[in-house]
Amino acid sequence: MRIPSPLAPAVAPALGSTAVATATTTASLLWFGKRHARTPWAPLDAVSHIAWGDRAFVRDELDVQHTLVGFVLNLGAVAWWSTLHALVVGRPMRTRYAIPFALASGAAVAATAYVFDFKVAPKRFTPGFEWKLPRRPLRKVYAVLAASFAAGSLLARAWR
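Residue numbers for the sequence shown follow our numbering, beginning at 14 and rising by one.
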């Protein structure tokens, strides 16, 4: 006899949300990196400081050690927050309030991620791209994250 996990209903929506949010946040990091840092790769390279320490902050080039590791670490963080969002949303709503609820819950989880990343987490576990991007683009990355969570939950709603 198989006992369902309380996380089971969140898995499929979290996977969709993770895919959407990883693609959009990575694209926004690359775009803001190109505009505000020396190269588009600089923000992702900076994320790899979690694995490699402060020397990652001086990396600005596309390479496996920093860029790929930064991407994978960002993917892991996005997957964590996507799962939390899927648990908050619960089963996809089929009411006229689905879109406002998706937007509000996406914003709430992204705001929680922002507070955790910059107020709670030790320096070694901050995203790292804050060392490469000004404050305004940094906030826009979290706005993209919020919109991605909303889009992911609405896609899950459409697939049901």
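For each residue, glycine too, the CB sits at the ideal point set by N, CA and C.
What separation, rounded to the nearest whole angstrom, lies between the Cα atoms of residue i and residue j?
i      : j      : result
Glu74  : Arg51  : 9 Å
Leu168 : Leu146 : 30 Å
Leu100 : Thr125 : 14 Å
Asp76  : Val102 : 37 Å
Ala90  : Asp58  : 15 Å
Thr80  : Leu86  : 10 Å
DSSP state of residue i, grouped into three classes?
i      : result
Glu74  : coil
Lys153 : helix
Ala55  : helix
Arg109 : coil
Lys132 : helix
Here's the rule: buried if 16 or more other CB atoms are within 10 angstroms of the residue's CB, otherwise exposed. What is residue i?
i      : result
Gly29  : buried
Thr108 : exposed
Asp67  : exposed
Pro135 : exposed
Need the endpoints of the alpha helix (DSSP H) that residue i sits in, please.
i     : result
Ser95 : Val82 to Val102
His79 : No alpha helix (DSSP H) contains His79, which DSSP labels as neither H nor E.
Ignore the nearest five residues each way along the sequence and tell me which others in residue i's own chain have a CB closer than 8 Å to its CB.
i      : result
Val154 : Thr38, Ser41, Leu42, Phe45, Phe142 and Leu146
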